[in-house]
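Sequence lines, in order, name chains A and B.
For reference, each letter of the first sequence is one residue, going 0 to 488 in numbering that gives the first Met the number 0.
For reference, each letter of the second sequence is one residue, going 0 to 488 in numbering that gives the first Met the number 0.
Beta carbons are placed, not taken as given, at the ideal position from N, Cα and C, and that holds for glycine.
Just so we're clear, the structure is a prediction, and the values are computed from it rather than from any experiment.
2 protein chains.
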Amino acid sequence: MQNIKEILSDEISLDPKDWEALRTLGHHMIDDMTDHLQNIQNEPSWRTIPQDTKEFLKGGIPQTPGNIAEVYEEFKKHILPYPSGNIHPRFWAWVQGTGTPFGVLAEMLAATMNPNTAIGEHSAMYVEEQVLDWCKEMLNYRPTSSGILVSGGSMANITALMVARNHQTGRNIRKEGVQAAKGRMTLYCSIETHSCIDKAAEVMGIGSDSVRKIGVDENYRIKLNELADAIESDIAAGNTPFCVVGNAGTVNTGAIDPLDDLLSISRKHNLWFHVDGAFGALAKMVPEYKQSLGAIEEADSVAFDLHKWMYMPYEVGCTLVRDSDAHRSAFATEANYLMIHERELAAGPDPTGNYGLELSRGFKALKVWMSLKEHGIQKYAAAIRQNIAQAFYLGELIAKERKLELLAPVSLNIVCFRYKRDGLSAGQLNKLNKEIVMTLQERGIASPSSTIHGGRYAIRVANTNHRSRKEDFETLVKETVGIGDELAR
Amino acid sequence: MQNIKEILSDEISLDPKDWEALRTLGHHMIDDMTDHLQNIQNEPSWRTIPQDTKEFLKGGIPQTPGNIAEVYEEFKKHILPYPSGNIHPRFWAWVQGTGTPFGVLAEMLAATMNPNTAIGEHSAMYVEEQVLDWCKEMLNYRPTSSGILVSGGSMANITALMVARNHQTGRNIRKEGVQAAKGRMTLYCSIETHSCIDKAAEVMGIGSDSVRKIGVDENYRIKLNELADAIESDIAAGNTPFCVVGNAGTVNTGAIDPLDDLLSISRKHNLWFHVDGAFGALAKMVPEYKQSLGAIEEADSVAFDLHKWMYMPYEVGCTLVRDSDAHRSAFATEANYLMIHERELAAGPDPTGNYGLELSRGFKALKVWMSLKEHGIQKYAAAIRQNIAQAFYLGELIAKERKLELLAPVSLNIVCFRYKRDGLSAGQLNKLNKEIVMTLQERGIASPSSTIHGGRYAIRVANTNHRSRKEDFETLVKETVGIGDELAR
Chain A
0 MQNIKEILSD
10 EISLDPKDWE
20 ALRTLGHHMI
30 DDMTDHLQNI
40 QNEPSWRTIP
50 QDTKEFLKGG
60 IPQTPGNIAE
70 VYEEFKKHIL
80 PYPSGNIHPR
90 FWAWVQGTGT
100 PFGVLAEMLA
110 ATMNPNTAIG
120 EHSAMYVEEQ
130 VLDWCKEMLN
140 YRPTSSGILV
150 SGGSMANITA
160 LMVARNHQTG
170 RNIRKEGVQA
180 AKGRMTLYCS
190 IETHSCIDKA
200 AEVMGIGSDS
210 VRKIGVDENY
220 RIKLNELADA
230 IESDIAAGNT
240 PFCVVGNAGT
250 VNTGAIDPLD
260 DLLSISRKHN
270 LWFHVDGAFG
280 ALAKMVPEYK
290 QSLGAIEEAD
300 SVAFDLHKWM
310 YMPYEVGCTL
320 VRDSDAHRSA
330 FATEANYLMI
340 HERELAAGPD
350 PTGNYGLELS
360 RGFKALKVWM
370 SLKEHGIQKY
380 AAAIRQNIAQ
390 AFYLGELIAK
400 ERKLELLAPV
410 SLNIVCFRYK
420 RDGLSAGQLN
430 KLNKEIVMTL
440 QERGIASPSS
450 TIHGGRYAIR
460 VANTNHRSRK
470 EDFETLVKET
480 VGIGDELAR
Chain B
0 MQNIKEILSD
10 EISLDPKDWE
20 ALRTLGHHMI
30 DDMTDHLQNI
40 QNEPSWRTIP
50 QDTKEFLKGG
60 IPQTPGNIAE
70 VYEEFKKHIL
80 PYPSGNIHPR
90 FWAWVQGTGT
100 PFGVLAEMLA
110 ATMNPNTAIG
120 EHSAMYVEEQ
130 VLDWCKEMLN
140 YRPTSSGILV
150 SGGSMANITA
160 LMVARNHQTG
170 RNIRKEGVQA
180 AKGRMTLYCS
190 IETHSCIDKA
200 AEVMGIGSDS
210 VRKIGVDENY
220 RIKLNELADA
230 IESDIAAGNT
240 PFCVVGNAGT
250 VNTGAIDPLD
260 DLLSISRKHN
270 LWFHVDGAFG
280 ALAKMVPEYK
290 QSLGAIEEAD
300 SVAFDLHKWM
310 YMPYEVGCTL
320 VRDSDAHRSA
330 FATEANYLMI
340 HERELAAGPD
350 PTGNYGLELS
360 RGFKALKVWM
370 SLKEHGIQKY
380 AAAIRQNIAQ
390 AFYLGELIAK
400 ERKLELLAPV
410 SLNIVCFRYK
420 RDGLSAGQLN
430 KLNKEIVMTL
440 QERGIASPSS
450 TIHGGRYAIR
460 VANTNHRSRK
470 EDFETLVKET
480 VGIGDELAR
């Protein structure tokens, strides 16, 4: 090991030898990326990835240095032209936000500073605290609550449910494990709930068997009597009910559970009331939804994404927890190498690892901070309201078009419909509509995704897209009918 | 809800009204950020945050739009000057990587494309697959293994241990919960193991009581006989031992557990063998460490960070799992709204949610892809080797300086030492050394962090910094002695 020190006579770094080449390339990128975003509506909504690109993306690890301008050319040739397309005005697949150009610049600044936003006395820690306060303001959630920025809805829900699991039993679950609870620890939500709640139960060790899936009414909202019965029968069976999860916008249809009632039931049985508001929670800022989402203010925790209906670049979600002590108690750790000092670098705000699963974390807060300064929250509320209005508009267009049918009522920003034609079996209709979706994508016209409603394949539009215009939805309807007619022939 | 549609007569977007202003600002940022990184060695290693900045970072949520150039000025005034400092050549606190300038540009490109790298047929999914293959190549891990990029070491370890928990008992733990196992599910690691392993046990529901902490020898390596005894006694007690965690670089001292022996013991008892190689795993690319880290190739899983010893911008870590079926079985989900189609957008590689906790995920792979193309893996190996050589060099400087003493043997890239002075009590020495660390930081000279070794406060240097030079360590030694003398007076 003595010889190793000889190499210090010729030290290297990973900084560029030629800073001007880096600077010049950076300027090229700014021009290219600005052009790209400014003209995105003229691009197809999606493109087939050519085989030579797939082959190119299979090569072994580079051994020796390359030229950065050439690396950028490879990016422009093989990566940039084949996006998923969620920045395109006619992308409405799954639930994916659109990002913004100023958000792109914020990400560059965050990567320049490159903080680990986990611990210490430095600006990123304070920016995150401020952004969390702003998140509370958005939802009118209580100022004394705690929160943490996470990668997205799944992590936001898992984080919140971890707090619930650790807080509710009166036992030290962190230390003893879930087997310390009486019987099973059971959690309640509707059958329309996102799969990440099952995953949370699996992660937390209570098992997906402990997730009691409650039926829904014709508007896809949880049935309260079934819920009450399920809780009662778990209590009778010697289990430990600990949490009710309400949906603020289900993934399939955008349905909002009766949150007020869920809150009452949770309070009655002393259960943690969590709201999965991955995209829907932020609709609370829209006057028409203020009431149906009002109970979020009293929820014990709420999970939502800023890269969905706040249109931030990926990734950033948020968990807020009403009882900050319960939150901290669920995660706080002490370690010698993470010691806090009275002042300087090792002082600073409470380390974020005390509020979640992660230790290392990037500077997600900066893009939120800069974007909110760019637009102001009122404009975000208006953009969300516009997306909802567009969904209702699309619903009307579909209702007017005899070759299409709605498969679920429009209640927020999600529209599920299909092309119909007399004389086709259920199976044939499903196959035809799937072919329509793939053809819309293949031709670069539009990117809806799909789901299944009562065995029926649904073309599914989830609108969290600030670039979409009325005309885009008109195009979707027209082309769906056109392709349906063409394929049915 | 009918009125809401009236707003569609005047649709808004979050794109800039003035694209040229955005473009101009982007060019300014490129110049500023290039200058900033090019001259970082002339900045202090850390700066006190002024009170007016702390006040500024407390304001309420912006209501109305602001000017983007002014937002950038606020960033330059209140955020950029007060970093944690891990991009500075004399930052060695905790274990934090340095980032690179080209990595900054890669993050800008990733944010422009803004994919959710979770599902679908688009380039980001293939770039991630390629990067995972490169990660396997780095460690000579088997090509048929599976992997996933995560936020960092904590998530990488949690992800791997979830697979172990779900795979090892012969029961369906995902469904039934951990209570389905016989007795307690127990996990084994040394007392020097990072706290994230305790957190993983808490998250997974087995409880931190199930983490059996085994003692270490004088080189901070796990004691094998104690380990064997602990496993035997858990078996005798009717528990279910399921996993051994070996350290490839402990956080306190950089110690490498005897991984070959841990592998043998794990195989003998049919336990999952996981390696926490948060920073140390990548030292396997350095010839001097090839042997001591060789058993990683046979480990059931390994967790490591790319933002630490690969100097990537935050955040990116990685989990690799030898048995890809076990990996997928631990996480795979089916949901109607995530249906895979035969072709187009909803086709593509296996969704990443089948290999981890997250669904929404950013495009972390691009910075790895572009950076490896920029430098080639051999240069990374050389930079890691250089960091180790620098740590040994620092160790020698300390050994030669009678006013300093090493508190642990240097074995990788971590150096723990303190200032000493006759006539001071143990408590006084601890207080003095803590004051030295804070003074080094306060004066902007250097940023080590600290830990405790056997009750003794240690100044701790963890070197994953490609900007550090020999002279920087000489400065640290000289200034530590100088400040120590000054404070002791």
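Asked	Found
Given N353(B), which residues of its chain have a CB within under 6 Å of its CB, disregarding the five upstream and five downstream residues?	R327, F330 and A331
Using a Cβ cut-off of 9 Å (strictly closer), state whether I11(B) contacts chain A.	yes
From the DSSP output, read off the bridge partner residues of V476(A).	For V476(A), which the question treats as bridged, DSSP gives no partner whatsoever.
How big is the Cα-Cα spacing for I234(A) and H268(A)?	10 Å
Does DSSP put R513(A) in a helix, a strand or coil?	Residue coverage of chain A in this structure runs from 0 to 488, which leaves residue 513(A) outside it and unanswerable.
Per DSSP, which residues does E296(A) bridge with? Please list them.	DSSP lists no partner for E296(A).
Identify the contact partners of V126(B) in chain A, using a Cβ-Cβ distance below 8 Å as the criterion.	L56 and I78
Return the bridge partner residues of S446(A) from the DSSP annotation.	F90(A)
Closer than 8 Å by C-beta to E341(B): which residues in its own chain qualify, once you throw out the five before and the five after it? Chain order, please.	none
Would C195(B) pass as an interface residue toward chain A - the criterion being a Cβ-Cβ separation below 9 Å?	yes
Would you please verify whether the beta carbon of D257(B) is less than 9 Å from any beta carbon of chain A?	Checking the displayed sequence, the identity of residue 257(B) turns out to be Pro instead of Asp. Not an interface residue.
Does DSSP put K494(B) in a helix, in a strand, or in coil?	No answer is possible for residue 494(B): the residues shown for chain B start at 0 and end at 488.
Which residues in the same chain as S189(A) place their Cβ atom closer than 6 Å to its Cβ, once the five residues preceding and following it in sequence are excluded?	I213, V215 and I221
Measure the alpha-carbon distance for K289(A) versus V94(A) and round it to whole angstroms.	22 Å
Anything in chain A within Cβ reach of A500(B), meaning under 8 Å, just list it in chain order.	What is shown of chain B runs 0 to 488, which leaves residue 500(B) out entirely.
Taking the alpha carbon of L246(B) as the point to measure from, which residue in Y392(B), A227(B) and A277(B) has its own alpha carbon closest?	With the sequence shown as reference, residue 246(B) is identified as Asn, and Leu is not the correct amino acid for it. Checking every option, the nearest Cα to that of N246(B) belongs to A277(B).
Verify whether the separation of the beta carbon atoms of C415(B) and H452(B) is less than 9 Å.	yes
Suppose only complete runs of 4+ residues qualify. What are the alpha helix (DSSP H) ranges in the region 316-398 of chain A, listed by chain order?	323-330 and 364-374
If you measure between the beta carbons of R466(A) and I6(B), is that distance less than 9 Å?	no
M184(A) by DSSP, collapsed to three states: which one?	strand
Using a cut-off of 7 Å between C-beta atoms, extract the partners of H306(B) located in chain A.	S359
Count the other CB atoms, across all protein chains shown, that sit within 10 Å of the CB of K57(A); report buried if there are 16 or more and exposed otherwise.	exposed
Looking at chain A, which residues of the region 161-175 of chain B have a Cβ within less than 9 Å of any of its Cβ atoms?	M161, R164, N165, N171, I172, R173, K174 and E175
Using a Cβ cut-off of 9 Å (strictly closer), state whether T450(A) contacts chain B.	yes
Would you mind sorting S232(A) into buried or exposed? The rule is 16 or more other CB atoms within 10 Å of its CB.	exposed
Taking a cut of 9 Å between CB atoms, which residues from the region 306-333 of chain B lie near chain A?	H306, K307, Y310, P312, Y313, E314, V315, G316, A329, F330, T332 and E333
How would you label A425(B), buried or exposed, when you count the other beta carbons within 10 angstroms and need 16 or more for buried?	exposed
What number of angstroms, rounded off, separates the C-alpha of R321(B) from the C-alpha of A159(B)?	10 Å
Thinking F472(B) and Q389(B) are a contact (beta carbons under 8 Å), I'd like their distance in whole angstroms, please.	6 Å
Starting from the N-terminal side, write out each stretch of the alpha helix (DSSP H) that is 4 residues or longer and does not extend beyond the region 97-152 of chain B.	100-112 and 122-138
DSSP three-state call for P286(B): helix, strand or coil?	helix
Please indicate yes or no: does the CB of L292(B) lie closer than 8 Å to some heavy atom of the ligand GTP?	The ligand GTP is not part of the structure shown, which contains no ligands of any sort.
For the beta strand (DSSP E) that G245(A) lies in, which residues bound it at each end?	T239 to N246
Reducing DSSP to helix, strand and coil, say where Y418(B) ends up.	strand
Within a Cβ cutoff of 6 Å, which residues of the same chain sit near I205(B), ignoring the five residues on either side of it in sequence?	V177 and M184
Check the Cβ-Cβ distances between T239(A) and every residue of chain B, and say whether any is below 9 Å.	no
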